[in-house]
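Structure record follows, encoded as structure tokens.
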Amino acid sequence: MITNVSLTSVFVKDIDAAKAFYIDVLGFVERTDITIGDGSYRWCTVGHPGQPELEVHLQLPGPPLSPEVAELFARARDEGSLFALGLAVDDCRKTYDDLRAKGVEFLQEPADRPYGVEAVARDNSGNWLVLVEHKEFSPADFD
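Numbering (the UniProt record's numbering), first residue to last: 1 to 143.
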């Protein structure tokens, strides 16, 4: 039986730079950083300190993907077309201000939505980060 989601991957441009961004800017912690096999494959994960069961794998587009698929993901990442993570926040407007002060690029300022307050940022590889301050709502209210 599946008990939870434990891993997700984010395609990045540079593992060291991405690791620093997720740790130093977003407040994540290092989980694993090792090389596998002949030393050519790096397994680097970070995670939120309050959510130990979930790791975010910072990955370069490459093996085990085919060269064509790796190029597709690299191109989409470079164009800023990839979604990375949805992040729950307790105060979206304050988090927006804090992250902007740290130099984070935002695509969308905090805005009220039926499900809460949402802002959209980019990580340092260009991936989308959606910040959501959740509020109670019912999808049935929008039928």
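Idealized CB from N, CA, C, for every residue including glycine.
Unbroken alpha helix (DSSP H) run spanning residue i, endpoints
i, result
"Ala70", "Pro67 to Asp78"
Residue of the options minimising C-alpha distance to residue i
i, options, result
"Ala119", "Arg100, Ser125 and Phe137", "Arg100"
"Cys92", "Ala121, Arg77 and Gly80", "Ala121"
"Val132", "His48, Asp112 and Ser125", "Asp112"
"Val5", "Ser81, His57 and Ile34", "His57"
"Leu65", "Phe106, Ser81, Tyr41 and Asp141", "Tyr41"
"Thr35", "Gly47, Ile15, Gly27 and His48", "Ile15"
"Asp24", "His48, Leu72, Asp141 and Asp38", "His48"
"Phe106", "Gly126, Glu79, Arg77 and Asp90", "Gly126"
"His134", "Gln108, Phe73, Val117 and Gly39", "Val117"
C-alpha gap between residue i and residue j, whole angstroms
i, j, result
"Lys19", "Leu60", "12 angstroms"
"Phe21", "Asp123", "7 angstroms"
"Ala84", "Thr8", "9 angstroms"
"Val130", "Tyr115", "13 angstroms"
"Pro52", "Thr45", "12 angstroms"
"Leu54", "Val10", "13 angstroms"
"Gly37", "Glu136", "47 angstroms"
"Gly27", "Trp43", "20 angstroms"
"Val104", "Leu72", "25 angstroms"
Segment limits, beta strand (DSSP E) that includes residue i
i, result
"Asp16", "Premise fails: Asp16 lies in the alpha helix (DSSP H), Ile15 to Ala20, not in any beta strand (DSSP E)."
"Asp112", "Phe106 to Arg113"
"Val89", "Segment: none, Val89 is in no beta strand (DSSP E) and carries neither H nor E."
"Glu133", "Trp128 to His134"
"Val120", "Gly116 to Arg122"
is_contact[residue i, chain C] using C-beta, thresh 9 angstroms
i, result
"Val25", "This model lacks chain C altogether; it includes just one protein chain."
In DSSP terms, what residue i is bridged to
i, result
"Asp33", "Cys44"
"Glu55", "Leu7"
Local conformation of residue i per DSSP, three classes
i, result
"Leu99", "helix"
"Val12", "coil"
"Pro61", "coil"
"Asp38", "coil"
"Phe28", "coil"
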